[in-house]
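Written out below as structure tokens is the structure these notes cover.
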Amino acid sequence: MNGSKGITRRRALTTISTAVAATALSGPAALALTSPGGLVAADDSAGPSSPDFQAAIQPVDPGVQIFGTEGSYTWGGTPIRGRDGAYYLFYSRWQEGSAGRGPDPSEKIFYGFSGWMKYSEIAVAVSPGPQGPYRHVRTVVQGTGDPGRWDRYNAHNPHIRYFQGRYYLYFIANNPANTPEPWFSKQPTLWLQYHAGQRIGVISARTLEDLIAGRGTRSDTPIAGPDYVNTFQMVVNPSVTEAPAVDGRPRFLMTYKTWNANGVYITVVGQSDRPEGPFPYTATALGTAETQAEDPYLWYDRADRRFYAIVKDFYKGADRTHALTPQYGALGMVTSTDGLTWKPAAHPVVSLRQLRLTDGTLITLGSLERPQLLFDHNGRPVTLHCAMARGSAAAGSQNVAIPLRWP
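For the sequence shown, the residue numbers in our numbering are -1 to 405.
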């Protein structure tokens, strides 16, 4: 937008940060998070160029930028631009009600929205523009149905990236048999047996066409799972970025959600020298009850020379003094210089749980989750994709492509 006037991305983000500083929504800017999640006094090391997403968010045209499929829940779209100039959205979906569920009475726990745990699949939609309108194309990933495989049931939490000349679609799947003893016997309900069986895998392909057509290479074993020392129960919500090389060796970081030994949700970091992993536990990024977060979207900003992650605030307490954002379910942003030790960004609030439409209407949402970014060729975020529900997710859900504008 401003490239023709010679304004750099760093200068642009510095300008917007300065201009809106007086009106930015107050949040936990006086707090910082450090591994393993303790609170310490913050400093200004996030830098003046730390992006202010709350100021960049633009109104949404519901006829163009909200996408769903009839008769199915739509959740968690992750976008990428194809070499053909079109935009592809990989998203989760599963049928509403009891459609597609098995006849066993135990299947009732997977009716309605809860069906994601066993029956979610990953589909792809296409659009001529970065924000829509998107059109469903086909299903691309399902559970294998193989009792001996880690990914017997569902395919969920898609996250698409392009590294080293290949496309990588990270996702979760589950099989209760993934949980070894004595941990399996500790699950008191059938739901928790499935919950504990969730693991992260990946499908890689040379082209998007191969990935969409099912010609990719699917991981035979999970690339991230609980180690029962630092992480427990399950691993979900993967996001991966390429980090600066160390001693000439490539480095990739993955953030994901799991439990600690006390049954508290934590966001952790895994590290690998290959984009296909594995990504064993390396550090705890967000680890206290008050800083619980999920759905991290991780990226490395080479201009700022630091990592950022957009997360959903998962802390339900009424006292927000030490919470990541002022509202449960809001989207916040944390940052790190090494990818291991994290603190709130200079502008920690990305969006409250709301949506402003192009006609001026402000909608309070029941859910605004699974943040995923689409970047332009200059490395600037142009669209924030999220799963959304206007009320209860059980009543229906869609994907929204929120436009971003940077001066």
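Note that beta-carbon positions come from the ideal geometry of N, C-alpha and C, so glycine has one too.
Span of the beta strand (DSSP E) around residue i
| i | result |
| --- | --- |
| L284 | 279 to 284 |
| K310 | 304 to 311 |
| Y85 | 85 to 93 |
| V266 | 263 to 270 |
| P242 | 230 to 244 |
| T333 | 329 to 334 |
| F250 | 247 to 257 |
| V135 | 133 to 139 |
| T177 | No beta strand (DSSP E) contains T177, which DSSP labels as neither H nor E. |
| G377 | Note, G377: premise wrong, no beta strand (DSSP E); not H, not E. |
| S70 | 70 to 79 |
7 Å CB neighbourhood of residue i in its chain, flanking five on each side removed
| i | result |
| --- | --- |
| R403 | A54, Q56 |
| R368 | W73, G74, D293, C384, A385 |
| F277 | I221, A222, M252, G268, Q269, S270 |
| A343 | A44, S48, Y306, M331, V332, T333 |
| A241 | R249, F250, L251, Y298, G337 |
| A20 | The pLDDT assigned to A20 is 28, lower than 50, so where the model puts this residue is not dependable; a value taken from the coordinates is nonetheless given after this. Cβ neighbours of A20 beyond the five flanking positions: none. |
| T13 | Summary for T13: the model assigns pLDDT 33, below 50, so the residue's position carries little reliability; its value from the coordinates is reported in the next sentence. For T13, where only same-chain residues beyond five positions count, the Cβ hits under 7 Å are P405. |
| T142 | D149, R150 |
Same chain only: Cβ atoms within 6 Å of residue i, ignoring 5 sequence neighbours per side
| i | result |
| --- | --- |
| A328 | D311, L350, R351 |
| R159 | Y166, V238 |
| A391 | F111, S365 |
| T335 | R304 |
| F373 | P379 |
| P236 | H157, Y168, I198, M252, Y254 |
| A393 | none |
| T323 | G25, D311, G330, V347 |
| Q185 | Q191, A194 |
Beta-carbon proximity check, residue i vs residue j, cutoff 7 Å
| i | j | result |
| --- | --- | --- |
| G419 | D245 | For residue 419 there is no data in the structure shown, the boundaries of the chain being -1 and 405. |
| T253 | L284 | no |
| V58 | L353 | yes |
| A291 | L338 | no |
| R91 | A121 | yes |
| Y313 | E288 | yes |
| I308 | V348 | yes |
| N176 | R197 | yes |
| N397 | Y192 | no |
| N228 | Y279 | yes |
| L188 | S104 | yes |
| Q370 | T76 | yes |
Candidates the options: closest to residue i by CA position
| i | options | result |
| --- | --- | --- |
| K116 | P174, G130, D59 | P174 |
| D299 | Y313, Y192, R216, G377 | G377 |
| G140 | G127, V124, Y168 | Looking at the sequence provided, one finds Gln at residue 140 rather than Gly. The option with the nearest alpha carbon to Q140 is Y168. |
| A84 | R204, S125, T333 | S125 |
| F51 | H345, I361, R81 | H345 |
| Y295 | H157, N172, L190, R81 | H157 |
| G389 | I361, G130, L206, P405 | I361 |
| N152 | G195, K184, L372, R79 | G195 |
| A399 | H320, V380, N176 | V380 |
| P180 | Y226, W340, R213 | Y226 |
| R213 | V138, V234, T142, G143 | V138 |
| A171 | R247, S96, W257, S118 | S118 |
| A259 | Q231, L371, T76 | Q231 |
| S202 | F182, A97, T359, R272 | R272 |
| D144 | K106, R318, T219 | T219 |
| G95 | D102, S104, G113 | G113 |
| V234 | N228, T256, A97 | T256 |
| P401 | A393, L190, L355 | L355 |
| P128 | Q93, I64, P178 | I64 |
| Q93 | E68, D357, D102, K106 | E68 |
| P178 | D208, H134, P224 | P224 |
Where the alpha helix (DSSP H) through residue i begins and ends
| i | result |
| --- | --- |
| P60 | 60 to 63 |
| K116 | 114 to 117 |
| E207 | 206 to 211 |
| F51 | 51 to 54 |
DSSP bridge partner residues for residue i (one or two, in chain order)
| i | result |
| --- | --- |
| Q352 | T362 |
| N172 | Y151, Q196 |
| T187 | T187 pairs with nothing; no bridge assigned. |
| Q396 | M386 |
| W411 | Because the chain in this structure spans residues -1 to 405, residue 411 falls outside the shown range and cannot be described. |
| R164 | F161 |
| V122 | F88, R136 |
Close-in-space but distant-in-sequence residues of the same chain around residue i (CB under 8 Å, 5 per side omitted)
| i | result |
| --- | --- |
| S395 | G66, Y71, T72, W73, F111, S365, A385, M386, A387 |
| L206 | I78, G80, R81, Y86, Y165 |
| G261 | F230, Q231 |
| R136 | A121, V122, I210 |
| L23 | Reliability fails at L23, whose pLDDT of 28 lies under 50, so the model's placement of it is uncertain and the value that follows must be treated cautiously. Cβ within range, chain order: Q52, P324, V347, L350. |
Any non-hydrogen atom of the ligand MG within 6 Å of residue i CB
| i | result |
| --- | --- |
| W297 | For the ligand MG, the structure offers nothing, since it holds no ligand at all. |
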